[in-house]
Ligand code: FES
């Protein structure tokens with residue numbers, strides 16, 4: 013009996029995922045239709061596609077190449093050239109460690125390494141649970157606060173490697189709070 017319920021819920025989940033994916037492609041098709049005939053609109057289309065899907069996977073790039081009648085290599089070239097575009101899903105919390113000169117001089121590399129160690133990120137940028145993505149950035153214009161770290165819209169200044177645990181704990185606690193709230197809502 014338990015298995016029947018499990019299968020039932022998995023089917024519902026797959027159905028929801030399928031519908032939401034279908035909905036995303038239909039939104040993308042509208043954008044393609046709107047801009048396809050206008051020259052030099054590739055970046056705009058890619059930007060909006062990324063807004064819909066969250067990232068530009070090889071499948072989405074191939075889809076766009078087909079619909080726009082542009083070689084896949086051209087699309088891939090634009091996606092790889094602009095740091096604005098990402099081809100892999102990002103974590104819920106995007107941690108960016110500034111590596112501009114002022115931050116670098118004040119130890120940003122050690123801060124970056126502390127995040128890597130704490131998140132156990134050595135070959136990838138995103139944690140397996142999809143919670144954190146780590147990257148380095150150029151100067152963000154807050155050199156007086158060097159070294160600077162941002163997590164989504166939160167900015168941290170004068171960060172030391174030993175601060176990393178506390179910064180991460182804040183977002184982990186947020187997640188636990190969200191899970192707790194949800195389980196109470198369902199109880
Ligand atoms: S160098 Fe990091 S904020 Fe300017």
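Numbering (my numbering), first residue to last: 13 to 199. Ideal Cβ positions, reconstructed from N, Cα and C, are used throughout, including at glycine.
For residue 92, the enclosing alpha helix (DSSP H) stretches over residues 84-93. Every alpha helix (DSSP H) stretch that sits fully inside the segment 79-159 and reaches 4 residues is listed by chain position as 84-93, 113-117, 120-131. Collapsing the DSSP output to three states places residue 69 in coil. Contact check for residue 47 and residue 56: beta-carbon distance about 6 Å, within the 8 Å limit, so the pair qualifies.
When the alpha-carbon of residue 186 is set against those of 36, 104, 109, the nearest one is in 104. Around residue 58, the same chain offers 68, 76, 87, 90, 91, 97 as residues with beta carbons nearer than 8 Å, after the five sequence neighbours per side are excluded. Between residue 100 and residue 44, the alpha-carbon positions lie close to 22 Å from each other. DSSP lists 161 as the beta-bridge partner residues of residue 168. In terms of Cβ geometry, residue 167 and residue 123 do not form a close pair [threshold 8 Å].
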